[in-house]
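Asks: Position in the sequence shown counted from 1, then plus 191, gives you the numbering used here.
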Amino acid sequence: MTNPIPDTSRRRLLFGGTAIAAGALLTACTSNEQTPTPAQTKGADTENPNTAAGKAVTIGFSAPAADHGWIAAITNNAKAQAGAYKDVTFKQVEAGKDAAAQRAALDTLIAEKPDVIVLLPHDGKELNAFGLKAMEAGIPVVNLDRAFPDALAYRLQIKGDNYGMGVAAGHYIGKALKAKNVASPIIGEIAGMDELELTQERSAGFKAALATYGFTVANRRAARFTADSGQKEAQNLLQALPKIDAVWNHDDDQGIGVLAAITAANRSEFFMVGGAGSKKAIEDIAADKTVLKATVTYSPSMASSAISLARLIAQGRGMSDLVELQVPKEVILASETITKENASTYLKLGF
């Protein structure tokens, strides 16, 4: 997510036939499955009036199965954040294999009448009807990451800036190539799942930012936010482009496979920018021993914030630093650029 729709074919693959160096890269993706760092959640703060104990509330939660580093971090962060509050009961329901299964599970949750529901849907458009149903039943919905198209379907929408990710990646690449005096660069792009609006937004932002430098994408491939698909599409990209100046890969978990393909092909004439800000990617950037030189953030810490804001909504409270009496309707997190120079600062946020 960076944030795929899980399906029965998605799994951690064992690449028995790849080179040892590539295999080492692929196994590194399991490092993403860990408990949240203290920086990814917010515990009780005696100086923050919002953390003071209030009315006891039940927060319903649903997110796709944690078979991907970013998604795993979403669920882990949500659980950890809920556990930081003595006045919160956290009730998680399984999302199932697809939107229909998740909708059925959520229907049972509505019947139990939680005070608020935090939902990362398999697909925002397909789960929009559920959001409307819950809101009509008087249960506020916090729509996390994959947006519902109908504003009536949620009380709060919190997500990363997908367009901004593309813009950040495009500007990093554009500035770097201009600094190298590369007049007509060959730029590759390895996107995520094209059927998702978030992927389309990322590519649109990337295209727009590159255009400000007079640059365009020479070859674009769509993967599936997994290491195996990243490796496959990177192989296709490398075969299509004998020479490359820069590549943007939308997702750092996917990037495990992308880097494996690059290593196996013995290509190093270009530099790459990642996406999301995984711990592994940040460590690679800091070590500066691969083509990966930067990544643009899309942090799963948004799940922690979603739980905190859902609690305030359920308790009828606003945000203490704002003048308004209620939690805002929408929160979009900025996408930041992580490089070797600031990697140590961002490492604590890596998932």
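The beta-carbon is built from N, C-alpha and C at its ideal position, and this holds for glycine as well.
Leaving aside the five residues before and after S526 along the sequence, list all residues of the same chain whose C-beta is less than 7 Å from its C-beta, in chain order.
Replies: Taking the first residue of the sequence shown as position 1, residue 526 is located at position 335. Closer than 7 Å at Cβ, skipping near neighbours: G351, D352, G355, M356, A359, V487, T488, Y489.
Asks: Looking at the unbroken alpha helix (DSSP H) that takes in G405, where does it start and where does it end?
Replies: Here the question's residue 405 lines up with position 214 in the sequence shown. Here G405 belongs to no alpha helix (DSSP H), and DSSP marks it neither H nor E.
Asks: Taking one C-beta from the stretch 448-456 and one from the stretch 516-532 each time, how about it: are there three or more such pairs within less than 8 Å?
Replies: In short, these stretches do not touch, since the Cβ pair count stays below three.
Asks: Report the start-end ranges of each alpha helix (DSSP H) in the stretch 448-511 that is 4 residues or longer and not cut off at the edges.
Replies: Segments of the alpha helix (DSSP H) lying fully in the stretch 448-511: 470-478, 493-505.
Asks: To the nearest angstrom, report how far apart G251 and Q517 are at their CA atoms.
Replies: Locating residue 251 in the sequence shown gives position 60, where the first residue counts as 1. Locating residue 517 in the sequence shown gives position 326, where the first residue counts as 1. For G251 and Q517, the distance between alpha carbons rounds to 20 Å.
Asks: With hydrogens ignored, establish whether the beta-carbon of A271 is closer than 7 Å to any heavy atom of the ligand ATP.
Replies: With respect to small molecules bound, the structure shown includes none, and the ligand ATP cannot be examined in it.
Asks: Using DSSP bridges, identify the partner residues of R412.
Replies: Mapped onto the sequence shown, residue 412 falls at position 221. I381, per the DSSP bridge assignment.
Asks: Does N267 pass the burial test, meaning 16 or more other C-beta atoms within 10 Å, or should it be called exposed?
Replies: Within the sequence shown, residue 267 is the residue found at index 76, counting from 1. Answer is buried; the Cβ neighbour count reaches 16.
Asks: Exposed or buried, what is K484 when buried is set at 16 or more other beta-carbons lying within 10 Å of its beta-carbon?
Replies: Taking the sequence shown and counting its residues from 1, the one referred to as residue 484 is at position 293. Label assigned to K484: buried.
Asks: Using the DSSP secondary-structure output, state which residues sit across from A437 in a beta bridge.
Replies: Here the question's residue 437 lines up with position 246 in the sequence shown. DSSP lists I378, F462 as partners of A437.
Asks: In the structure shown, what three-state DSSP assignment does L387 receive?
Replies: By 1-based counting over the sequence shown, the position of residue 387 is 196. In the structure shown, L387 sits in coil (DSSP, three-state: anything other than H, G, I, E or B).
Asks: Please classify V284 as buried or exposed, where buried requires at least 16 other C-beta atoms within 10 Å of its C-beta.
Replies: As a working mapping, residue 284 is identified with position 93 in the sequence shown. With 16 or more other Cβ atoms within 10 Å, it is buried.
Asks: In the DSSP assignment, what are the bridge partners of L310?
Replies: As a first step, residue 310 is located in the sequence shown; it is residue number 119 there, counting from the start. L310 is bridged to S253, N334.
Asks: Below 8 Å between beta carbons: does that hold for A286 and P255?
Replies: On the sequence shown, position 95 is the one that residue 286 refers to. On the sequence shown, position 64 is the one that residue 255 refers to. It is a contact, given that the beta carbons lie within the stated cut-off.
Asks: State buried or exposed for A414, treating a residue as buried only when at least 16 other CB atoms are found within 10 Å of its CB.
Replies: For this step, residue 414 is matched to residue 223 along the sequence shown. It counts as buried.
Asks: Assign K470 to buried or exposed, taking buried as 16 or more other Cβ atoms, counted over all protein chains shown, within 10 Å of its Cβ.
Replies: Reading the sequence shown from its first residue, position 279 is the one you call residue 470. Buried.
Asks: Tell me the rounded alpha-carbon separation between R412 and L368.
Replies: Translated into the one-based positions of the sequence shown, residue 412 becomes position 221. Translated into the one-based positions of the sequence shown, residue 368 becomes position 177. When rounded, the distance between both Cα atoms is 21 Å.
Asks: Please state whether DSSP places F281 in a helix, a strand or coil.
Replies: Indexing the sequence shown from 1 puts residue 281 at position 90. In this structure, F281 counts as strand in the three-state DSSP scheme.
Asks: If I measure Cβ to Cβ from I529 and keep anything under 7 Å in the same chain, skipping five residues before and after, which residues do I get?
Replies: Within the sequence shown, residue 529 is the residue found at index 338, counting from 1. Correct list, in chain order: G468, I473, I476, A485, T486, T488, Y537.
Asks: Look up G351 in the DSSP assignment and give the residues it is bridged to.
Replies: By 1-based counting over the sequence shown, the position of residue 351 is 160. In the DSSP output, where bridge partners are listed per residue, G351 has L524.
Asks: So is S459 buried or exposed if we call it buried at 16+ other beta carbons inside 10 Å?
Replies: Against the sequence shown, residue 459 aligns to sequence position 268. When all chains shown are included, S459 counts as exposed.
Asks: Can we say the stretch 493-503 touches the stretch 376-395, given the rule of at least three CB pairs closer than 8 Å?
Replies: The answer is no - the stretch 376-395 does not touch the stretch 493-503, with fewer than three Cβ pairs under 8 Å.
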